[in-house]
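Novice:
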Amino acid sequence: MTKKINDKKNIKKSVVVKKEVKKNTPVVAKKTVVAKASNEKKVTYTTLRGMRDVLPKDGATWQKVYDIIKNISTAYGFSYVETPVLEQSSLFIRSIGKGTDVVDKEMYVFEDKDGTKVCLRPEMTASLVRSYVENGMQTLPQPVKMWYHGQMFRHDRPQAGRFRQFYQFGCETMGDANPIIDAELISVAYNTLRDLGIDSVIHINSIGTLQDRENYIVELVGYLRSKRSYLSEESKKRINKNPLRILDSKEEQDIAVMEEAPQIVDWLSPESKKFFTNVLEYLDEAEIPYVLDPNLVRGLDYYTNTVFEIFTEDEELASIALGGGGRYDGLIEQLGGQSTPAAGFALGLDRVVTVLKHKQDKLDKENSQKPKEETRTNKVFFAQLGEQANKKALNILENLRREGLTVYHNLAKSSLKVQMELANKIGTTHTLILGQKEVQDGSILLRNMDSGIQEVVDQKKVANVIRKLLQN
RNA sequence: GUGGCCAUUGUAUAAUGGUUAUUACUUCGGUUUGUGGUACCGACAAUACGGGUUCAAUUCCCGUUGGCCACCCCA
């Protein structure tokens, strides 16, 4: 039946593209789409700018990352949550703030069919705050601890470790003002990376309360105005718009000016100062490496007190932050909830994976120079031969799977030789062979790929034999 | 958003203002149908897109798009 359909398709297609088809080439489905007959142009599709696919070769790495973030956030008592990718754009404009780059130039904003201004989320915190308020989570035992992972969108120019759709993992703790919350979040972020085998350092600062910051900004702007002529053009513009951003400018002339500038730490209220000191004490106690960075301010407006970013210690990749976060005690109220303290962090998973792959590449290079050590784990391939064996194959595979055993296979191939080649390419240590003869007497062959020795195994006992192999 | 470098099959590459665009790897098929690691044969597959110069452009020029990198900023 399938054959018939295929034939039909082929006939149709061969009419359409007749001119191009050589006489003896079979017409097969092509990955490129052939447009109308009148227009013989091929149309190919690619990912949009700044978007990318996770390819088969990287799938395992991503899964490993997902496993670890799930384990760690669950162990620390965070509950998994999801929110829509699409939100009202004003949610982010109000929380992240006008004047920030994220809002002013990086948001994917468009009008929905009913005219609503919507956008693809550029980050998760505002969505979770919205969810906290909308779903009355203040009635749950406080604090509410949530973790998530998912794609975020920022219309930025693609660059090393930067994509327009990128993946974040993060945790948010809402409803508790204790500084140990901040330390716990930093600890989760730090230990996630450690579990993944990445050494990292926390860059940390406090930007105080809104009041502290207003006082400081008055002082800072006064200072900057007095040094105006020494600043870069970009920074001159920012004196009025967003003076805090000048702090972490990388322009040489700005850095020189900032050396003498008043530091926000000196303008913290006694309470804010004490809070910051407490956070640092907890970090010391937890033996989490950090550096104080008085110029660290973050590009989002909602932060209060603690702000931090995480960098890998790998020198070649240390210029991009793997993650960041901080406290945002005013945000929940600002978005329509009760006054509620909260804090959170996010890790950029694309960047984490980049670091992991970089480490792996390095390791592979070193290993390829050294003589190979045979630490191969056992893998099993299942090959079938002949019509009867082919029909029996799914049954046997399913029985093995029920026993929790993974065997590689390609049932669509009929030639034993081809299947052996495949087994060899995959690097399996053993191959199960089911042929006509074996089907009839209820046995199966087990071939050791290194020695070439084959033994006959009872089909009923196969699972046990394979299990023993795979345990090694 | 600004700037620099770049664009040939799935990947990596060669070449040319003028016949059928090179080679390797991968993929698929085969070397008589129940046995892999080698070897041999064969097949599929590319000049990103649009315009200009020219008798002729994949090659030269311009634009667009995309990639990499830096800035801005961030994850």
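The working numbering numbers the first residue of the first sequence as 920 and each following residue consecutively.
Even glycine gets a Cβ: it sits at the ideal position worked out from N, Cα and C.
Return the chain-ordered list of same chain residues with a C-beta closer than 8 Å to the C-beta of R1049, the five sequence neighbours on each side being excluded.
Specialist: Within the same chain, R1049 has close Cβ partners T1002, E1006, L1010, L1254.
Novice: Across which residues does DSSP place D1377 in a beta bridge pair?
Specialist: Per DSSP, S1362.
Novice: Could you give the distance in angstroms between the alpha-carbon of G1116 and the alpha-carbon of L1275?
Specialist: Cα to Cα, the separation comes out at about 8 Å.
Novice: Compare the beta carbon distance of L1215 and D1185 with 8 Å and say whether it is the shorter of the two.
Specialist: No.
Novice: With distances taken Cα to Cα, identify the nearest neighbour of R1081 among E1171, A1240, V1000, L1316.
Specialist: When only C-alpha atoms are compared, the closest one is A1240.
Novice: Could you say if the region 1075–1089 and the region 964–974 meet the contact criterion of at least three C-beta pairs nearer than 8 Å?
Specialist: Touching, per the Cβ criterion.
Novice: On the premise that T1225 lies in contact with D1101, defined as a C-beta separation below 8 Å, what is that separation, rounded to the nearest angstrom?
Specialist: Yes, D1101 and T1225 are in contact; Cβ-Cβ is about 5 Å, under 8 Å.
Novice: Could you tell me which whole alpha helix (DSSP H) segments of length 4 or greater appear in the region 946–1031?
Specialist: Runs of the alpha helix (DSSP H) inside the region 946–1031: 975–994, 1008–1015, 1020–1024.
Novice: Quick one: is R1073 buried, meaning 16 or more other Cβ sit within 10 Å of its Cβ, or exposed?
Specialist: It is buried - the Cβ of R1073 has at least 16 other Cβ atoms within 10 Å.
Novice: Residues in its own chain within less than 6 Å of N1134 by CB, not counting five upstream and five downstream?
Specialist: Result list for N1134: W1186, in chain order.
Novice: In the structure shown, what three-state DSSP assignment does N1367 receive?
Specialist: DSSP places N1367 in strand when its eight states are reduced to three.
Novice: Name the residue from D1233, I1229, S1238 whose alpha carbon lies nearest to the alpha carbon of G868.
Specialist: This structure gives no information on residue 868, because the portion of the chain shown stretches from 920 to 1391.
Novice: Where does A956 land, buried or exposed, given buried means 16+ other C-beta within 10 angstroms?
Specialist: At A956 the pLDDT is 33, less than 50, meaning the model places this residue with poor confidence; the figure from the coordinates comes in the next sentence. The residue in question, A956, is exposed, as its Cβ has fewer than 16 Cβ neighbours within 10 Å.
Novice: Can the beta-carbon of A1265 be found less than 8 Å from the beta-carbon of G1242?
Specialist: For A1265 and G1242, yes; Cβs fall inside 8 Å.
Novice: How many Å lie between R1113 and Q1070 at the Cα?
Specialist: Roughly 23 Å separates the two Cα atoms.
Novice: How about G1127 and S1191: do their beta carbons lie closer than 8 Å?
Specialist: Yes, the pair counts as a contact, with Cβ atoms nearer than the cut-off.
Novice: Give the range of the beta strand (DSSP E) segment to which R1164 is assigned.
Specialist: Note, R1164: premise wrong, no beta strand (DSSP E); not H, not E.
Novice: Taking Cβ positions, are K1332 and Q1338 nearer each other than 8 Å?
Specialist: The answer is yes: Cβ separation under 8 Å.
Novice: Can you check DSSP and say which residues form a bridge with E1228?
Specialist: Answer is H1122, G1243.
Novice: P945 to H1277, Cα distance in whole Å?
Specialist: For P945, the predicted model reports a pLDDT of 28, less than 50, meaning its position is unreliable and no value from the coordinates is stated.
Novice: Along the alpha helix (DSSP H) that carries M1339, what are the first and last residues, could you check?
Specialist: It spans 1335–1345 - the alpha helix (DSSP H) in which M1339 sits, taken as one unbroken run.
Novice: Looking at L1351 and V1299, is the spacing between their C-beta atoms short of 8 Å?
Specialist: Yes, they are a contact pair.
Novice: Rounded to whole angstroms, what is the Cα-Cα separation between L1353 and P1041?
Specialist: Cα-Cα distance, rounded: 54 Å.
Novice: Which residues does DSSP pair with M1056 in a beta bridge?
Specialist: Answer is none; M1056 lacks a bridge partner.
Novice: Going by the beta-carbon positions, is the gap between S1008 and V1037 smaller than 8 Å?
Specialist: Result yes, Cβ atoms of S1008 and V1037 sit closer than 8 Å.
Novice: I need the boundaries of the alpha helix (DSSP H) containing M1177, first residue and last residue.
Specialist: Its alpha helix (DSSP H) spans residues 1171–1178.
Novice: Looking at C-alpha atoms only, which residue of V1375, G1346, S1362, P1181 is the closest neighbour of T1296?
Specialist: The candidate whose alpha carbon is nearest that of T1296 is G1346.
Novice: Report the residue from P1162, L1143, R1366 whose alpha carbon sits nearest the alpha carbon of R1217.
Specialist: Per the Cα distances, P1162.
Novice: Once you ignore the five residues that flank R1366 on each side, which residues in its own chain have a CB closer than 7 Å to its CB?
Specialist: These residues qualify, in order along the chain: H1349, T1350, I1352, Q1373.
Novice: Are P1098 and F1227 closer than 8 Å when you measure CB to CB?
Specialist: No, Cβ-Cβ distance for P1098 and F1227 is not below 8 Å.
Novice: To the nearest angstrom, how far is the alpha carbon of P1060 from that of T1092?
Specialist: Those two C-alpha atoms are separated by around 12 Å.
Novice: Taking the alpha helix (DSSP H) that V1140 belongs to, which residues open and close that run?
Specialist: Its alpha helix (DSSP H) spans residues 1129–1145.
Novice: Let me check understanding here. Comparing Cα to Cα, which of M1043, L1389, I1315, V1176 lies closest to A1262?
Specialist: Residue M1043 is the option with its Cα nearest to A1262.
Novice: Identify whether R1081 lies in helix, strand or coil by the three-state DSSP scheme.
Specialist: R1081 falls in the strand class under three-state DSSP.
Novice: Terminal residues of the continuous alpha helix (DSSP H) containing A1302?
Specialist: Looking at the DSSP string, A1302 is not in any alpha helix (DSSP H); the run it does join, the beta strand (DSSP E), is 1299–1303.
Novice: Around the Cβ of V947, are there at least 16 other Cβ atoms within 10 angstroms (buried) or fewer (exposed)?
Specialist: With a pLDDT of 27 at V947, under the threshold of 50, the modelled position of this residue cannot be trusted; read the value that follows with caution. The residue in question, V947, is exposed, as its Cβ has fewer than 16 Cβ neighbours within 10 Å.
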